[in-house]
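The next block holds one structure in the form of structure tokens; read it before the comments.
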Amino acid sequence: MGGKKTLTVLSSALAASLLLTACSGSGSEDASSASGETEVKFMHLWPEGSSKKHYDVVNEIIAEYEAENEGVTIDLEVLSNEQYKDKLRVLSTSGDLPDVGMTWAAGFLEPYVGGNMFAPLDDVIEEELSDAFVPGTAEAYALDGATYGLPLELNIVSLYYNNAMFEEYGITPPETYEELLEVVDAFNEEGIQPIALGNRDAWTGSLWYMYLADRLGGADTLNKAIDRSGSFEDPALVEAAAKVQELVDRDAFVNGFNGLADEEAKSMFMSEQAPMYLIATWDLPNYTTNESVPQEFRDSVDYMNFPTVDGEGDTNSFVGGPGVGLFVAEESEVKEEAKDFAAYFVKAWGEQAVEKAGVIPATKVDAASLDLPQMYIDILDELNNASNITLFADVQMSPDTAQVHLDSIQALFGNEMTPEEFAKAHEDALSKE
């Protein structure tokens, strides 16, 4: 991964600005309210409709913080995932970032750090969060020796499946890629679309590609292609792209998957229209603790590690890594209050989000002391036994190259690009950096 980069205006920002300015809620107002209280603007991506447990925990933490810090109020804005990313780009062009917001690790940070927009947070870690994080999580938010994000989540991706549907049709959950193809054929013969996938945003399809690359090439092949110690034209990475198209041609995914949002695919899985769904542990609450989801459905869901492919691969090697973390804006007029709130939020999130939202936090958890569903305990065991966790490809890459990756994933799944063309597009983009 490269060093710091100068911030460039991303093409999506201009279009998004026309849609988002009206609902921005951010401006260049003074940081103090009319009542003399200090306002800390906080923007997050867990709306009540799609992430109610997260949303509720956030509101509880804010209420507790305000009660303990008289004279400070948190001015909250909530957007969905893709809206959030678009708005963050828009606000970055006007120098009007929220005081505290959410970021991803590695390559996602680069333009914001290069543009001097995110504040270094090593002082917060040393003074408030020493020894709080699972090893390797905070480091993912470091660039050039400084840390610019405080991680909230740790995720691994699993293939969730509806065991009741498998049993109803007498189909055995697969342990290998070859068996997965047989399962796809069996459900198609029953008139059931096998795998829920919403690839409109393309990171969802990237999860499939990354696992196929990991199983065929080992844990380091994709990482080396991205950090330039290897090549995206490595035979294993080309073959992984070919396997993607084999799944597409086998009708593995729901109809119209390339035009569906992930939320639509999730809905298809949760409404039992499709028996399989590849997603990270941020969705674990829907299968464990989320009481708004019918207990019968939660009881029917199980998971498997991604299978071996052509007899190759370590099933204890995962795609995943730190999820979102908190940043503090370098130009915040209330930077010290923002840092204080961010540190408070991270500690409170680690204490509350496990049981209240079913989240695996980036801070250390004593699972034995908590009353957790069995699947949650099993996933924690998977994390403890993981031989490798490969960070999401688009997060590893700079924003410009990540966009090439996502566009190419869309084209690959749409059979609009050959595996060789897919590899070359990545190689060309990476070689320019």
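Residues -22 to -1, 1 to 411 (mature numbering (1 follows the signal peptide of the UniProt record, and there is no 0)) are what the sequence shown spells out, left to right. C-beta atoms are modelled at their ideal positions from N, C-alpha and C, and glycine is treated no differently.
Tell me, to the nearest whole angstrom, how far the beta carbon of E309 is from that of G123; I am working on the premise that it is less than 8 Å.
Going by Cβ atoms, the distance from E309 to G123 rounds to 21 Å, so no, they are not a contact pair.
Per DSSP, what kind of secondary structure is D8 in: helix, strand or coil?
Its pLDDT being 46, under 50, D8 is placed unreliably in this model, and the value from its coordinates should be taken loosely. Residue state, collapsed to three classes: coil.
Between which two residues does the beta strand (DSSP E) containing G303 stretch?
Start and end: G303 to V306.
What does I173 pair with, by DSSP beta-bridge criteria?
Its beta-bridge partners are F231 and M254.
Along the chain, which unbroken stretches of the alpha helix (DSSP H) at least 4 residues long are found entirely within the region 100 to 126?
Whole alpha helix (DSSP H) segments, 4+ residues: 100 to 106.
Do three or more CB pairs link the region 58 to 76 to the region 278 to 290 at distances below 8 Å?
Cβ pair count under 8 Å is below three, so no.
Would you mind sorting K342 into buried or exposed? The rule is 16 or more other CB atoms within 10 Å of its CB.
Looking at its Cβ environment, which holds fewer than 16 other Cβ atoms inside 10 Å, K342 is exposed.
Given that a residue counts as buried once 16 or more other Cβ atoms are within 10 Å of its Cβ, and exposed if not, what is G234?
Result: exposed.
Going by DSSP, name the residue or residues bridged to L137.
Paired residues: L256 and M282.
Since E88 and L130 should fall inside the 8 Å C-beta cutoff, what is the C-beta to C-beta distance between them, to a whole number of angstroms?
No, E88 and L130 are not in contact; Cβ-Cβ is about 20 Å, not under 8 Å.
Run through DSSP, which three-state label would E315 get?
E315 falls in the helix class under three-state DSSP.
First and last residue of the alpha helix (DSSP H) that includes D378?
Counting along the chain, the alpha helix (DSSP H) containing D378 begins and ends at P377 to F391.
Among the residues of its own chain, which have a CB less than 8 Å from the CB of D101, if the five just before and after it don't count?
The answer, listed in chain order, is K317.
Hey, would you say I170 sits closer than 9 Å to Q223, going by beta carbons?
Going by C-beta atoms, I170 is not nearer than 9 Å to Q223.
Going by beta carbon distance, what residues of the same chain come within less than 6 Å of E26, once the five residues before and after it are set aside?
These residues qualify, in order along the chain: Y33.
Report, in whole angstroms, the separation of the C-beta atoms of P300 and A118, which I expect to be a contact under 8 Å.
Correct: roughly 5 Å between the Cβ atoms.
Out of I257, L185, E146 and Y155, state which residue places its alpha-carbon closest to the alpha-carbon of E168.
Of the listed residues, the one whose Cα sits closest to E168 is E146.
Quick check on the burial criterion: 16 or more other C-beta atoms within 10 angstroms. Buried or exposed for K410?
Its Cβ having fewer than 16 others within 10 Å, K410 is exposed.
Can you tell me where the beta strand (DSSP E) with I52 in it begins and where it stops?
Run containing I52: V50 to V56, per the beta strand (DSSP E) assignment.
In the DSSP assignment, find the beta strand (DSSP E) that holds T81 and state where it starts and stops.
Segment V78 to T81, the beta strand (DSSP E) holding T81.
Which whole-angstrom value is the C-beta distance of residue 414 and N268, which I expect to be below 8 Å?
Since the first and last residues shown for the chain are -22 and 411, residue 414 lies out of range.
With DSSP as the reference, please indicate the residues paired to S207 in a beta bridge.
Partner(s): none; S207 has no beta bridge.
So, with DSSP's three-state summary, where would you put N366?
Strand.
Let me know if A320 comes out buried or exposed under the rule of 16 or more other beta-carbons within 10 Å of its beta-carbon.
The residue is buried, with at least 16 neighbouring Cβ atoms inside 10 Å.
Look at P253 and F323 and say whether their C-beta atoms are less than 9 Å apart.
No, they are not a contact pair.
Decide if the region 374 to 394 is in contact with the region 92 to 107; the criterion is three or more beta carbon pairs, one per stretch, under 8 Å apart.
Flag = no, the region 374 to 394 and the region 92 to 107 do not touch.
Would D280 and P151 be called neighbours here (beta carbons separated by less than 9 Å)?
Cβ atoms of D280 and P151: closer than 9 Å.
At what residues does the beta strand (DSSP E) containing P300 begin and finish?
Taken as a continuous stretch (DSSP letters only), the beta strand (DSSP E) holding P300 covers S295 to P300.
Based on the DSSP secondary-structure assignment, which residues constitute the bridge partners of T199?
Answer by DSSP bridge pairing: none, since T199 is not bridged.
For H404 and F210, which I take to be in contact (beta-carbon distance under 8 Å), what is that distance rounded to the nearest angstrom?
Rounded, the Cβ-Cβ distance is 4 Å, consistent with contact.
Rounding to the nearest angstrom, what Cα-Cα distance links residue 428 and Q374 in this structure?
With the chain running from -22 to 411 in the structure shown, residue 428 is simply not present.
For L215, which residues of its own chain have a beta-carbon under 7 Å away from its beta-carbon, when the five flanking residues on both sides are left out?
Closer than 7 Å at Cβ, skipping near neighbours: A191, G195, T199, L200, A203 and A401.
For K334, which residues in the same chain have their Cβ closer than 6 Å to its Cβ, ignoring the five residues on either side in sequence?
Counting only Cβ-Cβ distances below 6 Å, and skipping sequence neighbours, we find V35.
Quick check on DSSP: helix, strand or coil for E405?
In this structure, E405 counts as helix in the three-state DSSP scheme.
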